[in-house]
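Q:
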Amino acid sequence: MDLILRTKLTIYYLTITLTASGILFGCHDGEREYNDNLAFLTKASSSSSLKIAAGNLAVQKGQADNVQDYGEEIIKEHSSISEEMKELAVANNWIITDDLLSAHKQQLSQLQQQQVSEFDLAFAKLMVNAHEEAVNLFRIASVNENEVYDTDVQTFAQETLPILELHLIEAKEILEQK
Numbered sequence: 001m002d003l004i005l006r007t008k009l010t011i012y013y014l015t016i017t018l019t020a021s022g023i024l025f026g027c028h029d030g031e032r033e034y035n036d037n038l039a040f041l042t043k044a045s046s047s048s049s050l051k052i053a054a055g056n057l058a059v060q061k062g063q064a065d066n067v068q069d070y071g072e073e074i075i076k077e078h079s080s081i082s083e084e085m086k087e088l089a090v091a092n093n094w095i096i097t098d099d100l101l102s103a104h105k106q107q108l109s110q111l112q113q114q115q116v117s118e119f120d121l122a123f124a125k126l127m128v129n130a131h132e133e134a135v136n137l138f139r140i141a142s143v144n145e146n147e148v149y150d151t152d153v154q155t156f157a158q159e160t161l162p163i164l165e166l167h168l169i170e171a172k173e174i175l176e177q178k
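Heads up, the sequence shown is in UniProt numbering, so the first residue is 1 and it goes up one at a time.
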């Protein structure tokens, strides 16, 4: 291999290595904190929006009184949780939306397609799964400063976690009755 080709290859590999290390390690701590806080709020907001939409469906399509009542509770409490998240985002100049992440869109679509006779069971299963996911997300954010850096976001997660755990228990009770 001639010297010019070796030199070009060395420069090429060096450029790739430096670029990759810059991508991996180049974020400033502030950017990382912003991304981690925003990632948590984005996931939490989508999860809450899913539960609100599912709660609305439960009020409309639910056959059992406890399913309709639980749907109303979910709408009320997750609307409040969503408002708190929006206030946190605004206070920090972060932008979050009520948009559902693709996995949550798919879950809602499946629930919307359920026959009335099978809706209550499908709703209960969705609420169990969605609340298990949320409890895990909020538990990590509550105790792990490597996941959520903003103390207000961490406090929000800590204060919201018991509500989500209660919703999970209630969803499991409904599921057991189906």
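We treat Cβ as the ideally placed atom computed from N, Cα and C, and that holds for glycine.
Just how far apart, CA to CA, sit Val128 and Val90?
A: Along the sequence shown, one-based indexing puts residue 128 at 128. Along the sequence shown, one-based indexing puts residue 90 at 90. C-alpha separation (whole angstroms): 30 Å.
Q: Which whole-angstrom value describes the C-beta separation of Ala58 and Val67, a residue pair presumed to lie in contact below a C-beta threshold of 8 Å?
A: Start at 1 with the first residue of the sequence shown, and residue 58 comes out as number 58. Start at 1 with the first residue of the sequence shown, and residue 67 comes out as number 67. Sure, about 5 Å apart at Cβ, within 8 Å.
Q: Taking the alpha helix (DSSP H) that Lys86 falls in, what are its first and last residues?
A: Residue numbering aside, residue 86 sits at position 86 when the sequence shown is read from its first letter. Looking at the DSSP string, the run of the alpha helix (DSSP H) that includes Lys86 is 65–91.
Q: Whole angstroms are fine: how far does the CA of Asp36 sit from the CA of Gln114?
A: Position 114 of the sequence shown, counting from 1, holds the residue named residue 114. Position 36 of the sequence shown, counting from 1, holds the residue named residue 36. Straight-line Cα distance between these residues: approximately 35 Å.
Q: From the DSSP output, in three-state form, read off Ile52 for me.
A: In the sequence shown, counting from the first residue as 1, residue 52 sits at position 52. Correct three-state label for Ile52: helix.
Q: Go ahead and pull the three-state DSSP assignment for residue 189.
A: As displayed, the chain neither begins before 1 nor continues past 178, which places residue 189 out of reach and without an answer.
Q: Within its chain, find whatever has a CB closer than 8 Å to the CB of Glu33; leave out the 5 residues flanking it on each side and keep chain order.
A: The residue labelled residue 33 in the question sits at position 33 within the sequence shown. Any reading at Glu33 must be qualified, since the residue scores a pLDDT of 48, below 50, and its modelled position is unreliable; no value is offered.
Q: Please state the DSSP three-state secondary structure of residue 211.
A: A query on residue 211 cannot be resolved here, the shown segment of the chain reaching from 1 to 178 and no further.
Q: Ile169 and Glu77 look like a contact to me (Cβ under 8 Å); what is the Cβ gap, rounded to whole Å?
A: As a first step, residue 169 must be located in the sequence shown, where it is residue number 169. As a first step, residue 77 must be located in the sequence shown, where it is residue number 77. The pair is not a contact, with the Cβ atoms about 14 Å apart (cut-off 8 Å).
Q: Which residue wins for smallest C-alpha separation from Glu82, given the options Leu108, Ala44, His104?
A: Taking the sequence shown and counting its residues from 1, one reaches residue 82 at position 82. Per the sequence presented here, residue 82 reads as Ser, with Glu not at that position. It is Ala44 whose Cα lies nearest to the Cα of Ser82.
Q: With distances taken between CB atoms, is the gap from His104 to Ser142 smaller than 8 Å?
A: Along the sequence shown, read from residue 1 onward, the residue named residue 104 stands at position 104. Along the sequence shown, read from residue 1 onward, the residue named residue 142 stands at position 142. Not a contact, by the Cβ cut-off of 8 Å.
Q: Run through DSSP, which three-state label would Lys178 get?
A: Working through the sequence shown from its first residue, we reach residue 178 at position 178. DSSP places Lys178 in coil when its eight states are reduced to three.
Q: Using a Cβ-Cβ cutoff of less than 6 Å, which residues in the same chain neighbour Leu121 once the five nearest sequence positions on both sides are dropped?
A: One-based indexing of the sequence shown puts residue 121 at position 121. Result list for Leu121: Lys178, in chain order.
Q: Given Gln154, which residues of its chain have a CB within under 6 Å of its CB, disregarding the five upstream and five downstream residues?
A: As a first step, residue 154 is located in the sequence shown; it is residue number 154 there, counting from the start. Around Gln154: Val148.
Q: Out of curiosity, what's the CA-to-CA distance linking residue 199 and Ala124?
A: Absent from the structure is residue 199, since the part of the chain shown begins at 1 and ends at 178.
Q: Quick check on this structure: which residue in Glu72, Asp65, Leu41 has the alpha carbon closest to the alpha carbon of Asn56?
A: Within the sequence shown, the letter at position 56 stands for residue 56. It is Glu72 whose Cα lies nearest to the Cα of Asn56.
Q: For Leu50 versus Ala130, is the C-beta distance shorter than 8 Å?
A: Here the question's residue 50 lines up with position 50 in the sequence shown. Here the question's residue 130 lines up with position 130 in the sequence shown. Yes.
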